[in-house]
Amino acid sequence: MIFHDFGMTTASLAGSLETKLAAVRGAGFSQVMIAAADVVAHPGGTAAGVRAVRASGLEVTGLEALRDFEGLDGQLHAYKVDVAKAMLEICADLGGRLLLVEASTSKHASADAAVIARDLGKLALLAVPLDIRIAFKGQPWSRTARDFRQAADHVLRVNLPNLGVAVDAFDVLASGVPLDDVDILDPDQTFLVQISDYMWQQIRSAEEQRATATHFRVFPGEGAHSEALSQFIARLDTIGYVGNYSFDVYNDDFLQMPPETVAMRARRAAVWLAETVLRRALPVPNIERLRAASRA
Amino acid sequence: MTQATDRELIPEPQNPLGLDGIEFIEFATSRPQALGGVLETFGFRPIARHRSREVELYRQGTMNVIVNAQAADVPRTVVPTERPVISAFALRVRDAQAAYRRALELGAWEIPVRALAMEINIPAIHGVGESLIYFVDRYDEFSIYDVDFRPIPTVYPHPPAIAGMHFFGIVQYVGPDRTADWTAFYSQLMGFTPLPNQVRFGIMPSGLLLESPCRKFFLQLIEPEEAARFAQAEEHLQRIGLGAPDVPAAVAELEKRGVEFLATERVHSSERGALTKPLPGGMMFELVKSQPRSAGAP
Chain A
-16 MIFHDFGMTT
-6 ASLAGSLETK
4 LAAVRGAGFS
14 QVMIAAADVV
24 AHPGGTAAGV
34 RAVRASGLEV
44 TGLEALRDFE
54 GLDGQLHAYK
64 VDVAKAMLEI
74 CADLGGRLLL
84 VEASTSKHAS
94 ADAAVIARDL
104 GKLALLAVPL
114 DIRIAFKGQP
124 WSRTARDFRQ
134 AADHVLRVNL
144 PNLGVAVDAF
154 DVLASGVPLD
164 DVDILDPDQT
174 FLVQISDYMW
184 QQIRSAEEQR
194 ATATHFRVFP
204 GEGAHSEALS
214 QFIARLDTIG
224 YVGNYSFDVY
234 NDDFLQMPPE
244 TVAMRARRAA
254 VWLAETVLRR
264 ALPVPNIERL
274 RAASRA
Chain B
27 MTQATDRELI
37 PEPQNPLGLD
47 GIEFIEFATS
57 RPQALGGVLE
67 TFGFRPIARH
77 RSREVELYRQ
87 GTMNVIVNAQ
97 AADVPRTVVP
107 TERPVISAFA
117 LRVRDAQAAY
127 RRALELGAWE
137 IPVRALAMEI
147 NIPAIHGVGE
157 SLIYFVDRYD
167 EFSIYDVDFR
177 PIPTVYPHPP
187 AIAGMHFFGI
197 VQYVGPDRTA
207 DWTAFYSQLM
217 GFTPLPNQVR
227 FGIMPSGLLL
237 ESPCRKFFLQ
247 LIEPEEAARF
257 AQAEEHLQRI
267 GLGAPDVPAA
277 VAELEKRGVE
287 FLATERVHSS
297 ERGALTKPLP
307 GGMMFELVKS
317 QPRSAGAP
């Protein structure tokens, strides 16, 4: 398979967890990003949700998403630590090795870099015994990190091996982060790349950007920014990124379509990226390991 | 002190917890007598039993070993099975509650308090795998064992160590590419320092050594070898390293007591160290040339 480092999220699909997993697998993917709600909302309980994921045979790209974690104090902080610990335990139970953390949008969150570093460091240390990596992702409407550049600043400040950044293609497409800024990323501390496109040529306001990001994303190759997206992926490849790509597509229409159909669209996107953008003609087993070894 | 010095950046103390060596190492097994037999061949003596649980204290010299046959009923902790495993180690610290609170503040997992009435609550955090790390601050005038344990009658409570043996360290097996994570864990939470790769003790060459801030013992992190990198393996505390000032003398003494040491081309006893053959239950001990560090030594 030439796209085995590509996966999709259960959040893009309608139906029960088992239906979603079957659709992902049926489309030929070997890994899946798990939206925590899909596991804990399982009618048989969280343990049954975990069993379903384990039984699917799919590798777990990671669990998403811990939100509004960093920058809080007192009771709020203690509460969020409890939430984080519960998510870390679910992630470990799933056999996942990555927890996606989205930069805080809470009005209560401090934007003080020292406070954010303290909290991200704590989260990373909590994740060590469970063998989980923390992927911190900026969001345009966040108070603590608006894009991967700011997320990378926080990660660098904390300087722990299991804390890295998640990069969302949306940063480059919609927020106007220059492509050259991809070069600031340390490929070893870049733990996940999420990709999606959208239909509009232009986004007119912050509100529209947020609405687009959360409701109108489409798969790569289906949107209006194929060229920019291609350049973004190619640039990541150039800097030596060898981790996973996850389709992070939130689209209300997709939730009204059969999950098999949506998963096949994801597959089409994966093949397009692998063959056209990354120019992988031949399936090479263990390609990341080979590439990591050649870099070392 | 002047105001100017007050404003100076005070560096993080090198021994933030006031760490002062290992108070005890705990094994869990459902066959405590079999393990006790093994410990006795190494010179440990059973000296006390827990008042309410199936837990025994073995000792020689400065080393305390706890044999625990009872499950803790806490998620992610050892359920004793026939095969003995290292289920915990206890660190001597200046102030156990302060050490515990600091660890939680920085990102450790707490263990729910489970002390019964009239028993000392020893604060603990999750360590590697299913193991625990305890913090103990009562080891000078009176010890944790004075309250929770009942001495075994007629047994001398301070059996001397064979050949000057003392705790040297604990070997921890970690997953592929996990050395950096665990180094961060022990250095951030407890002030351990990784030693340069050329610093080696004993005869086992692999792994990264972390020195305790009290410089009284080491943790050694060992990743799987190449061929085993992609096999599924749980991370765990694998074996205890016992320090001895004169390893050949210690080996000779232990051999007299029936302990067998590996003598292969790759691993064999020497001045530097020795490794036992797997003992009943699959345990191993390692001997390492080392002088005991006295209490309070830098």
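Protein chains in written order, with the numbering used here: chain A, -16 to 279; chain B, 27 to 324. Even for Gly, the Cβ is constructed at its ideal location relative to N, Cα and C.
Check whether the Cβ atoms of residue i and residue j sit closer than 7 angstroms, and answer yes or no.
i                : j                : result
VAL155 (chain A) : PHE230 (chain A) : no
VAL173 (chain B) : ILE148 (chain B) : no
ALA149 (chain A) : LEU175 (chain A) : yes
PRO58 (chain B)  : VAL93 (chain B)  : yes
GLN96 (chain B)  : TYR199 (chain B) : no
VAL22 (chain A)  : LEU41 (chain A)  : no
ALA114 (chain B) : SER157 (chain B) : yes
ALA92 (chain A)  : GLY54 (chain A)  : yes
ILE159 (chain B) : ILE266 (chain B) : no
ARG116 (chain A) : LEU81 (chain A)  : yes
ALA74 (chain B)  : PRO177 (chain B) : yes
VAL162 (chain B) : ILE170 (chain B) : yes
LEU113 (chain A) : LEU71 (chain A)  : yes
VAL201 (chain A) : ASP180 (chain A) : yes
PHE70 (chain B)  : VAL91 (chain B)  : yes
ALA187 (chain B) : GLN86 (chain B)  : yes
PRO72 (chain B)  : GLU80 (chain B)  : no
Decide if residue i is buried, meaning its Cβ has at least 16 other Cβ atoms within 10 Å, or exposed.
i                : result
ALA159 (chain A) : According to the sequence as given, residue 159 (chain A) is Gly; it is not Ala. GLY159 (chain A) comes out exposed.
THR44 (chain A)  : buried
LYS282 (chain B) : exposed
MET240 (chain A) : exposed
PRO183 (chain B) : exposed
LYS9 (chain B)   : Because chain B here runs from 27 to 324, residue 9 (chain B) falls outside it and cannot be looked at.
GLN317 (chain B) : exposed
THR31 (chain B)  : Low local confidence applies: a pLDDT of 43 at THR31 (chain B) is under 50, so the model's placement there is unreliable, with the coordinate-based value given in what follows. THR31 (chain B) comes out exposed.
ILE186 (chain A) : buried
GLN58 (chain A)  : exposed
VAL111 (chain A) : buried
GLN258 (chain B) : exposed
ALA67 (chain A)  : buried
GLU258 (chain A) : exposed
LYS90 (chain A)  : exposed
THR173 (chain A) : buried
GLN177 (chain A) : buried
ARG292 (chain B) : exposed
What whole-angstrom Cβ distance do residue i and residue j have, given they're in contact under 8 angstroms?
i                : j                 : result
PHE199 (chain A) : SER(-5) (chain A) : With a Cβ gap of about 12 angstroms, PHE199 (chain A) and SER(-5) (chain A) do not count as contacting.
GLY228 (chain B) : GLY299 (chain B)  : 3 angstroms
ILE48 (chain B)  : PHE218 (chain B)  : No, ILE48 (chain B) and PHE218 (chain B) are not in contact; Cβ-Cβ is about 13 angstroms, not under 8 angstroms.
ARG102 (chain B) : PRO42 (chain B)   : With 8 angstroms as the limit, ARG102 (chain B) and PRO42 (chain B) do not qualify as a contact, their Cβ atoms being about 25 angstroms apart.
ALA252 (chain A) : GLY204 (chain A)  : 5 angstroms
GLY307 (chain B) : THR55 (chain B)   : 7 angstroms
ILE222 (chain A) : LEU168 (chain A)  : 6 angstroms
MET216 (chain B) : GLY269 (chain B)  : Actually they do not touch by this definition, with Cβ atoms about 20 angstroms apart.
HIS262 (chain B) : PHE175 (chain B)  : That belief does not hold up - the Cβ atoms of HIS262 (chain B) and PHE175 (chain B) are roughly 26 angstroms apart, past 8 angstroms.
According to DSSP, is residue i part of a helix, a strand, or is it coil?
i                  : result
HIS137 (chain A)   : helix
PHE230 (chain A)   : strand
PRO170 (chain A)   : helix
GLU113 (chain B)   : Note that residue 113 (chain B) is Ser in the sequence shown, not Glu. Three-state DSSP puts SER113 (chain B) in a strand.
LEU130 (chain B)   : helix
GLU66 (chain B)    : helix
ASP180 (chain A)   : strand
GLY299 (chain B)   : strand
ILE(-15) (chain A) : coil
LEU263 (chain B)   : strand
PRO177 (chain B)   : strand
TYR199 (chain B)   : strand
ARG101 (chain A)   : helix
MET216 (chain B)   : helix
ARG102 (chain B)   : coil
TYR62 (chain A)    : helix
THR55 (chain B)    : coil
HIS294 (chain B)   : strand
VAL33 (chain A)    : helix
THR107 (chain B)   : coil
PHE243 (chain B)   : coil
THR(-8) (chain A)  : strand
MET27 (chain B)    : Below a pLDDT of 50, predicted positions are generally treated as unreliable, and MET27 (chain B), at 41, falls in that range; the measurement from the model is reported next regardless. Coil at MET27 (chain B), not helix or strand.
Does any C-beta atom of chain C lie closer than 7 angstroms to the C-beta of residue i?
i                : result
LEU156 (chain A) : No chain C is part of this structure, whose protein chains are labelled A and B.
Quick test of the definition: if touching needs 3 or more C-beta pairs under 8 angstroms, does the region 196 to 212 of chain B touch the region 243 to 254 of chain B? yes
Quick test of the definition: if touching needs 3 or more C-beta pairs under 8 angstroms, does the region 133 to 143 of chain A touch the region 81 to 99 of chain A? yes
Check whether the region 190 to 199 of chain A and the region 160 to 169 of chain A touch, using three or more Cβ-Cβ pairs below 8 angstroms as the test. no
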